[in-house]
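Engineer: According to the numbering used here, the sequence shown is numbered sequentially starting from 122.
Cβ coordinates follow ideal geometry from the N, Cα and C atoms, glycine included.
Take this structure, written in structure tokens, and hold onto it; I'll ask about it next.
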Amino acid sequence: MIRDITIGQYYPADSLIHRLDPRTKIIGTLAYLVSLFIVNNWGYIVCTAYLAALILISKVPFKFMVKGLKALLVLLILTMAINMFLTPGRILFQWKFIHITEEGLESAGLMGLRLVYLILGASLLTLTTTPNKLTDGLERLLSPLKVFKVPVHEIAMMMSIALRFIPILLDETDKIMKAQSARGADFETGGIFKRIRAMVPLFVPLFVSAFRRANDLALAMEARCYHGGENRTQMKPLRYNRRDYIAYGIMAAALALVIVLRVILHW
């Protein structure tokens, strides 16, 4: 289960999506996430075709992306169950205080689909963008906030370090689980609550390891006289290419189509 988490990992490949400017991918991801909360009915067909085309162009194996959904399966089921049982409407099934409505089934299905698409879209950003480029892209996009004395570089650096630490901490968790399993710990059998209780002993060594790595990183940055902010140059400055402008045009057209389907045609 731990190895199934793909968010925060980078998948190296030679694709058009990988070669896009990180700012283009960040803005495209935000536009895609916004469209997910606008679409309704026929709009999901547009989002499905758009996401499928991006995955195909990115050359990231579809099985690798779907594998990341396993770790969030409990959250997905819980979200669908809440919408299914708590949405009022025409009752299809009722047993004591539990009732399932037609509107609840529709809401659960659409919410589950929206959550899956949201996870896949966000994963595509991190899978096709290295943490360094993601940091540079975030810093450039947030640079107007420097007028208001917002520490843009520090915020972007913290987000980049957090993304970089995700696969490291997952690997550390896997090692701790194997070590405790060798000593008799059981993480596989029993119900969901028993498995959650079995995970509690992992937290102490995991937090100790995380704090130790954070301290080592801070000492290494200080030893190299690292300082961010003003007057810091980039080894590879970001520049827009023709493909980025074409990508912006496609994003705008897709978002406009979703808005037309929902707001004007009510589809």
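Just to confirm before moving on: does the CB-CB distance between Tyr131 and Thr294 stay below 7 angstroms?
Structural biologist: no
Engineer: On the three-state DSSP scale, how would you describe His220?
Structural biologist: The answer is strand: DSSP assigns His220 an E or B state.
Engineer: Between Trp216 and the rest of its own chain, which residues show a CB-CB distance below 7 angstroms, the 5 nearest in sequence each way excluded?
Structural biologist: If we look at Trp216 and ignore the five residues flanking it on each side, it has no Cβ neighbours.
Engineer: Using 8 angstroms as the threshold, is the stretch 152-160 in touch with the stretch 207-214, meaning 3 or more CB pairs across them?
Structural biologist: no
Engineer: According to DSSP, is Ile212 part of a helix, a strand, or is it coil?
Structural biologist: strand
Engineer: Using 8 angstroms for Cβ pairs, my map puts Leu382 next to Arg261. What's the rounded Cβ distance?
Structural biologist: So it is not a contact: roughly 32 angstroms between Cβ atoms.
Engineer: Would you mind working out which of Ala243, Thr208, Tyr347 sits nearest Met278, comparing C-alpha positions?
Structural biologist: Tyr347
Engineer: For Ser136, which three-state DSSP category applies?
Structural biologist: coil
Engineer: If distances are taken between C-alpha atoms only, which option among Val167, Thr145, Glu224 comes closest to Ala377?
Structural biologist: Val167
Engineer: Could you work out which residue in Gly242, Leu245, Thr200 is closest to Ser228 when comparing CA atoms only?
Structural biologist: Thr200
Engineer: Please confirm if the stretch 233-253 is in contact with the stretch 139-159, defined as three or more CB-CB distances below 8 angstroms between the two stretches.
Structural biologist: Three or more Cβ pairs drawn from the stretch 233-253 and the stretch 139-159 lie within less than 8 angstroms of each other, which places the two stretches in contact.
Engineer: So, at 8 angstroms on beta carbons, what are the nonlocal neighbours of Gly258 in its own chain, with the 5 sequence-adjacent residues on each side left out?
Structural biologist: Asp142, Pro143, Arg144, Lys146, Ile147, Thr250, Leu359
Engineer: Here's a check: name, in chain order, each residue in its chain whose Cβ is nearer than 8 angstroms to the Cβ of Arg364, leaving out the five neighbours to either side.
Structural biologist: Leu137, Arg140, Leu141
Engineer: Please report how far the alpha carbon of Lys270 lies from the alpha carbon of Arg345, in whole angstroms.
Structural biologist: 26 angstroms
Engineer: Around the Cβ of Val273, are there at least 16 other Cβ atoms within 10 angstroms (buried) or fewer (exposed)?
Structural biologist: By the neighbour-count definition (other C-beta atoms within 10 Å, threshold 16), Val273 is a buried residue.
Engineer: Just to confirm the assignment, what range does the alpha helix (DSSP H) spanning Met279 have?
Structural biologist: 273-303
Engineer: If you drop the 5 nearest sequence neighbours on each side, which residues of the same chain put their C-beta closer than 8 angstroms to that of Ile221?
Structural biologist: Met205, Phe206, Ile212, Leu213, Phe214, Gln215
Engineer: From Thr150, Ile385, Pro288, Ile276, pick the residue whose C-alpha is nearest to that of Tyr369; which is it?
Structural biologist: Thr150
Engineer: Report the residue from Ile276, Glu224, Lys254, Phe324 whose alpha carbon sits nearest the alpha carbon of Lys296.
Structural biologist: Phe324
Engineer: Less than 7 angstroms between the C-beta atoms of Tyr153 and Gly242, yes or no?
Structural biologist: yes
Engineer: Give the secondary structure of Arg345 by DSSP, where H, G and I count as helix, E and B as strand, and everything else as coil.
Structural biologist: For Arg345, the three-state secondary structure derived from DSSP is coil.
Engineer: Decide if Thr247 is buried, meaning its Cβ has at least 16 other Cβ atoms within 10 Å, or exposed.
Structural biologist: buried
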